[in-house]
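Residues in the sequence shown are numbered from 1475 upward in steps of one, following this note's numbering.
Accompanying notes for the structure given below.
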Amino acid sequence: MISWTLINKTQTAEAAVRKEIAIMKKLKHPNVVKLVEVIDQEDDDAIYLVMEYAGKHSLQAKMKKSKIPTVYIWNYFRDALRGLLYCHEEAGVVHRDIKPENLLITKDNRIKIADF
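Here it is, written out as structure tokens:
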């Protein structure tokens, strides 16, 4: 499954968007949301980012909904650390905005880091 994001070129600084796209293209790890495709047509005022569909809930949403069992907390923490370690040491990328709403929970209860 995929997810997509529409970025309006007139609303967002294009250089910042292009920087995020370059970062996302470098990242290939099971605990990081994958960029599948970038659609950027000259005659369109938008850039479309086609992303891996990671799940419908963030850790933030799950925390608000119910108490999370300790075993899941440890697993989520481990997944997030694995993704961050890869980003920092392998890809040379610092996320700078790690928070529960940027940690997505997959259907098999794994964490994927999003929003670079």
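Beta carbons are placed, not taken as given, at the ideal position from N, Cα and C, and that holds for glycine.
Note that the structure is a prediction, hence the values are computed from the model and not measured.
TODO: Just the C-alpha distance for Cys1561 and Lys1500, rounded to the nearest angstrom, thanks.
DONE: 9 Å
Task: CB-CB length for Ala1528 against Thr1580, believed under 8 Å - done: 6 Å
Task: C-alpha gap between Val1510 and Ala1588, whole angstroms - done: 13 Å
Task: Distance between Met1525 and Asp1518 (C-alpha atoms, nearest Å) - done: 19 Å
Open item on the list: Tell me the DSSP secondary structure of Ile1547 in three-state form.
Closed with: helix
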